[in-house]
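In this text, residue positions in the sequence shown follow our numbering: the first is 146, and each later residue adds one.
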Amino acid sequence: MNQIYRSAIFVFLVLVSCSSLKPSAQNDEPQLKRIAYTSSFDHTSRDCYVYLPKSYNTNKTKKWPVLLFLHGNGERGNGKDELEYTLVHGPLYEAWIQKRDLPFIIIQPQLHMHGFDSVPDSYFNKRKLEDYPKRLKSGAPNRNVKSKSDALLGSMVTNPGYKYGPYGPPMGWETVEQDLLQMLETVKTNYRTHASRIYLTGLSYGGFGTWYMASKHPKLFAALAPIVGWGHSDLMPPIAKSTIPVWCFAGGRDNVIELKYFYSGLNALEKLGHPHVRFTIEADMAHDVWTRVYAGEDIYNWFLEHKLN
């Protein structure tokens, strides 16, 4: 009996030893965390999303690229129970909702409402979280349908939109500049990040915010991709001096952000000698160019081609 008992114990220990070498499927899965912070803008308590990619927990030596994403006007909120609205578009929609294996730590904050919900018949007062995409236990939800436009290809459009300042439309991401820097520092301190591979992208209001943050902190980002948001020529000298690779996108049928506004800033970059400027016009698309850009592979591969010296 003693021999049988010892044999059983030996087999058990071998099985335990072998199992400890194999990471569990759960530990290997991507994670979506909520990181709390106090906003320097209004001193309120808010959260931002931090996405950890697949294999982050099991690959203990790898340092991961960081992608800071700035959403558009329609996803504003209180940074708490409304944070989920930000999952409707962008890289985190691709990684978390569509379950794509994107090799980035993604930081996704939520811009303050700044009174936009007080406008009569405001879109913000009509939206409901139950109408927004959710991560499914199995599979992924259907993608958003591309918006339709009656504008002819190449036709001029009339912008009904905003009164633009040097940073774009009013009350944008420039108001929470310090919050964004705080988030980046928190993530760099608490997670295994690649310090020379911090990337910046955003859509619409977030596109304007991308230009602003890159101009104010040109040595921080290895590459930037503003989508349907142009940059004022006054913001370009620091970007050109640091030669941050730029890939800007616009929509040929966009009646929210007119195509003609993009050229002044991009021409300024070239006049300043910037060698790494790309400008892509999705001529058949309206304002929602981001649905095509983030759903593809090119933008993520392009980011990974660049790092700070």
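Even for Gly, the Cβ is constructed at its ideal location relative to N, Cα and C. Just so you know, these numbers come straight off a predicted model, no measurement behind them.
Exercise. DSSP on Gln323, reduced to helix/strand/coil?
Worked result: helix
Exercise. Where Ser383 and Leu281 are concerned, what is the direct C-alpha to C-alpha distance, given to the nearest angstrom?
Worked result: The residue you asked about is not Ser; residue 383 is Pro in the sequence shown. Going from the Cα of Pro383 to the Cα of Leu281 covers about 43 Å.
Exercise. How is the alpha helix (DSSP H) around Lys416 delimited, first residue to last?
Worked result: 407-416
Problem set entry | Expected contact under 8 Å - CB spacing of Trp241 and Leu228 to nearest Å | Actually they do not touch by this definition, with Cβ atoms about 12 Å apart.
Problem set entry | Straight-line gap, Ile426 to Tyr194 (C-alpha atoms, nearest Å) | 30 Å
Exercise. Leaving out five residues before and five after Asp173 in sequence, what residues of the same chain have Cβ atoms less than 8 Å from its Cβ?
Worked result: Lys199, Ser200, Asn202, Thr203
Exercise. Just how far apart, CA to CA, sit Pro88 and Thr355?
Worked result: This structure gives no information on residue 88, because the portion of the chain shown stretches from 146 to 454.
Exercise. Mapping DSSP to helix, strand and coil, what is Gly347?
Worked result: strand
For this session: Answer yes if the region 254-265 comes into contact with the region 329-344, meaning at least three C-beta pairs across the two stretches below 8 Å, and no otherwise.
Result: no
Exercise. Any idea what DSSP makes of Phe424, helix, strand or coil?
Worked result: strand
Problem set entry | Identity of the residues DSSP links to Thr183 by a beta bridge | Ser190
Problem set entry | Neighbourhood of Phe394 by C-beta distance below 6 Å, restricted to the same chain and skipping five residues each side | Ile372, Thr425, Val434, Val438
Exercise. Once you ignore the five residues that flank Ile250 on each side, which residues in its own chain have a CB closer than 8 Å to its CB?
Worked result: Val195, Tyr196, Leu197, Pro198, Tyr201, Trp209, Pro210, Val211, Leu212, Val332, Tyr336, Thr338
For this session: Would you mind sorting Tyr357 into buried or exposed? The rule is 16 or more other CB atoms within 10 Å of its CB.
Result: buried
For this session: Return the CA-CA distance between Gly441 and Arg179, expressed in angstroms with no decimal places.
Result: 26 Å
Exercise. So what does DSSP say about Val211, is it helix, strand or coil?
Worked result: strand
Exercise. Tyr230 and Arg272: beta carbons closer than 8 Å?
Worked result: yes
Exercise. Which same chain residues, not among the five before or five after Leu365, have their C-beta less than 7 Å away from its C-beta?
Worked result: Ile343
Exercise. For Gly222, which option in Pro236, Pro248, Phe448, Gln253 has the closest C-alpha, if you only look at C-alpha atoms?
Worked result: Gln253
Problem set entry | Supposed contact pair Met430 and Gly376 - C-beta distance, whole angstroms, cut 8 Å | The pair is not a contact, with the Cβ atoms about 20 Å apart (cut-off 8 Å).
Problem set entry | Local conformation of Ile402 per DSSP, three classes | coil
Problem set entry | Nearest neighbour of Glu275, chosen from Asn412, Asp226, Ala359, Asn454 [CA to CA] | Asp226
Exercise. The alpha helix (DSSP H) spanning Val438 covers which residue range?
Worked result: 435-440
Exercise. Is it true that the CB of Thr346 sits closer than 8 Å to the CB of Ala385?
Worked result: no
Problem set entry | Val422 classed as buried or exposed, judged by whether at least 16 other C-beta atoms fall within 10 angstroms | buried
Exercise. Applying the criterion that 16 or more other CB atoms from any shown protein chain within 10 Å of the CB defines a buried residue, is Glu415 buried or exposed?
Worked result: exposed
For this session: Measure from the alpha carbon of Lys452 to the alpha carbon of each residue in Pro363, Leu404, His432, then state which is nearest.
Result: Pro363
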